[in-house]
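Taking it in order: structure first as structure tokens, then the write-up.
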Amino acid sequence: SEPILEISNLRTVFRVRGREIAAVNGIDLVIRPGETVALVGESGSGKSVTSLSVMRLLARRIGVIDNGSIRFRGKDGKTKDLVTLGEEEMRQIRGNDIGMVFQEPMTSLNPVYTIGDQISESLRVHRRLGRREGVEAAVGLLDKVGIPDARRRAGQYPHELSGGMRQRATIAMALACDPTLLIADEPTTALDVTIQAQILDLMQALQRERGMGMLFVTHNLGVVAEIANRVAVMYAGRIVETGPVAEVFKAPRHPYTMGLLKSMPRLGTASEMKRTGAKLPAIPGMVPSLADLPAGCAFAPRCAFARDACRQAMPALSPVNDHHGSRCIRWQEISA
Ligand code: ATP
Ligand code: MG
């Protein structure tokens with residue numbers, strides 16, 4: 015089917031002390047209806063800047079998109095380039111066509127309004143529901159995301175809810191207008207393991223039911239195995255490997271992905287990984303500073319397979335097959 019989101023050659027830069035650094039440097043990403051694409055990579059690799067670029071919420075972070083396109087197909091079936099869209103149109107898309115869930119629910123919830131008012135506000139703005147209808151719909155949504163005693167909770171303020179309940183409330187808010195795309199940036203990281211599993215199950219069930227596309231940012235490879243169809247591995251602002259989750263986890267074709275997977279429990283079932291809470295292991299060495307990237311492959315200084323050629327030019331994404339790509343010039347030799 016037609017993609018909902020098609021990111022092409024996206025580059026997002028920050029100006030830091032007079033120097034320009036590319037936090038996202040030429041990434042391509044496609045999401046189709048009903049599909050979940052996971053973005054993984056160490057801290058600082060550009061995952062959040064990618065999701066904030068799609069939402070055009072970089073202003074808070076003084077970043078600028080300086081190249082590429084973000085083609086998004088809205089509920090009206092029309093495809094628009096979010097990079098060049100006016101702020102007014104963008105405001106219509108946020109919350110209405112694209113829902114967002116972030117790591118810390120308090121960043122999306124306003125402490126001075128009740129949960130019910132916040133959800134119904136979004137419905138009143140985007141759906142033109144009346145006040146009473148809005149509140150009724152909000153109660154229905156809170157119930158849907160598994161908040162017990164939804165009517166009473168709708169009348170409470172964010173601080174009166176537990177962390178897990180607050181995250182359920184932000185999911186209810188994100189889904190209120192029936193978006194075609196959900197962007198979730200570490201939505202379960204702040205929660206304990208049991209609540210985390212419940213929230214993931216909930217998101218998966220809602221996504222299946224609605225056929226939404228989902229961009230899911232996480233550090234946790236167990237979560238990727240559980241929730242995603244495809245994975246994109248980021249390193250220093252670039253996607254270094256991308257493909258179907260099962261294939262990439264079974265036969266990674268980039269040394270960085272191999273490093274991330276290395277201390278995972280022997281590749282068992284998704285539920286096994288989820289149970290063990292497999293996390294990204296430490297890879298020797300440090301992520302390079304974006305202001306001072308080495309020539310050639312940015313991973314070469316940490317890579318056991320690196321050769322001189324790797325330090326000369328940034329490797330292009332080589333097709334391993336139609337669905338799987340690697341930015342390693344030695345991908346054919348390095349298979350585990
Ligand atoms: P984490 O896993 O820690 O959330 P991330 O992959 O989401 O990491 P980003 O938040 O996307 O990382 O940041 C990527 C890089 O962009 C950072 O390492 C930093 O160099 C740069 N960056 C992000 N925000 C800013 C900012 N406000 N000013 C300057 N540089 C920034
Ligand atoms: Mg982040």
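All you need for my numbering is the position in the sequence shown, starting with 1, plus 14. Every residue gets a Cβ at the ideal spot worked out from N, C-alpha and C, and that includes glycine.
From the DSSP output, in three-state form, read off VAL245 for me.
Sequence index remark: in the sequence shown, residue 245 carries index 231 (1-based). Note: VAL245 maps to strand in three-state DSSP.
Going along the chain, which unbroken runs of the alpha helix (DSSP H) with 4 or more residues stay wholly within the region 177-262?
177-189, 207-224 and 235-241
At 4 residues or longer, and completely inside the region 127-159: list those alpha helix (DSSP H) runs for me, N to C.
129-141 and 145-158
Note down, in chain order, each residue of its chain lying with its Cβ closer than 6 Å to the Cβ of ASN49, except the 5 sequence neighbours on either side.
Residue 49 sits at position 35 when you count from the first residue of the sequence shown. For the record, residue 49 in the displayed sequence is Glu; it is not Asn. If we look at GLU49 and ignore the five residues flanking it on each side, its Cβ neighbours are GLY227 and ASN243.
The ligand ATP and VAL63: does the residue's C-beta get closer than 6 Å to at least one heavy atom of that ligand?
Taking the first residue of the sequence shown as 1, we reach residue 63 at position 49. Yes.
Spatially closest choice to LYS89 from ALA204, GLU16, VAL159 and MET272, by CA coordinates
Residue 89 sits at position 75 when you count from the first residue of the sequence shown. Per the Cα distances, GLU16.
With respect to the alpha helix (DSSP H) encompassing THR271, which residues constitute its N-terminal and C-terminal limits?
What you label residue 271 is simply residue 257 of the sequence shown in a count that begins at 1. Note, THR271: alpha helix (DSSP H), 269-276.
Closest by CA to LEU156, which one among GLN170, CYS317 and GLY144?
Locating residue 156 in the sequence shown gives position 142, where the first residue counts as 1. Out of GLN170, CYS317 and GLY144, GLN170 has the C-alpha closest to the C-alpha of LEU156.
Quick one: residues in its chain with C-beta nearer than 7 Å to the C-beta of GLN218, no 5 flanking neighbours on either side, listed in chain order?
As a first step, residue 218 is located in the sequence shown; it is residue number 204 there, counting from the start. Around GLN218: ILE241.
Start and end residues, alpha helix (DSSP H) containing VAL68:
Indexing the sequence shown from 1 puts residue 68 at position 54. Taken as a continuous stretch (DSSP letters only), the alpha helix (DSSP H) holding VAL68 covers 61-69.
Minimum C-alpha distance to ASP206 - residue among SER176, LEU189 and LEU235:
The count along the sequence shown starts at 1 and reaches residue 206 at position 192. For ASP206, the nearest C-alpha among the options comes from SER176.
So ARG182 and ILE161 are supposed to be a Cβ contact under 8 Å. How far apart are they, rounded?
Numbered from its first residue, the sequence shown carries residue 182 at position 168. Numbered from its first residue, the sequence shown carries residue 161 at position 147. Yes, ARG182 and ILE161 are in contact; Cβ-Cβ is about 5 Å, under 8 Å.
To the nearest angstrom, report how far apart GLY77 and ASP131 are at their CA atoms.
For the purposes of this step, residue 77 is identified with residue 63 of the sequence shown, where counting begins at 1. For the purposes of this step, residue 131 is identified with residue 117 of the sequence shown, where counting begins at 1. So the alpha carbons of these two residues sit roughly 32 Å apart.
Which one of ALA188, ASN234 and LYS264 has the shortest CA to CA distance from GLU56?
Walking along the sequence shown from the start, residue 56 turns up at place 42. The residue with the shortest Cα to Cα distance from GLU56 is ASN234.
Please classify ALA330: is it buried, with 16 or more other beta-carbons within 10 angstroms of its beta-carbon, or exposed?
Position 316 of the sequence shown holds residue 330. With fewer than 16 other Cβ atoms within 10 Å, it is exposed.
Burial state of CYS342 (16 or more Cβ within 10 Å)
Working through the sequence shown from its first residue, we reach residue 342 at position 328. By the neighbour-count rule (16 or more Cβ atoms within 10 Å), CYS342 is buried.
I want to check one thing, is the minimum distance from the CB of ALA250 to the heavy atoms of the ligand ATP below 6 Å?
Along the sequence shown, read from residue 1 onward, the residue named residue 250 stands at position 236. ALA250: no, Cβ never under 6 Å from the ligand ATP.
With 16 other Cβ atoms within 10 Å as the buried cut-off, status of ALA318
Counting from one through the sequence shown, the residue named residue 318 turns up at place 304. So ALA318 ends up on the exposed side.
So is the beta-carbon of VAL27 under 6 Å away from any non-hydrogen atom of the ligand ATP?
Locating residue 27 in the sequence shown gives position 13, where the first residue counts as 1. No - the ligand ATP has no heavy atom lying nearer than 6 Å to the Cβ of VAL27.
Closer than 7 Å by C-beta to THR232: which residues in its own chain qualify, once you throw out the five before and the five after it? Chain order, please.
The residue labelled residue 232 in the question sits at position 218 within the sequence shown. Within the same chain, THR232 has close Cβ partners ALA52, VAL54, GLU200 and VAL238.
So for SER22, helix, strand or coil by DSSP?
Position 8 of the sequence shown holds residue 22. SER22 falls in the strand class under three-state DSSP.
Give me the residue from GLN326, GLU347 and PRO266 with the minimum Cα distance to GLY339.
The count along the sequence shown starts at 1 and reaches residue 339 at position 325. Looking at the Cα atoms, PRO266 is the closest of the given residues.
Give me the Cα-Cα distance between ALA164 and ASP111, rounded to the nearest whole angstrom.
Your numbering for residue 164 matches position 150 in the sequence shown. Your numbering for residue 111 matches position 97 in the sequence shown. Straight-line Cα distance between these residues: approximately 25 Å.
Going straight from the alpha carbon of HIS337 to that of GLY257, what length do you get?
The count along the sequence shown starts at 1 and reaches residue 337 at position 323. The count along the sequence shown starts at 1 and reaches residue 257 at position 243. Cα to Cα, HIS337 sits roughly 6 Å from GLY257.
Just the Cα atoms here: how many angstroms apart are ILE18 and GLN117?
For the purposes of this step, residue 18 is identified with residue 4 of the sequence shown, where counting begins at 1. For the purposes of this step, residue 117 is identified with residue 103 of the sequence shown, where counting begins at 1. Cα to Cα, ILE18 sits roughly 23 Å from GLN117.
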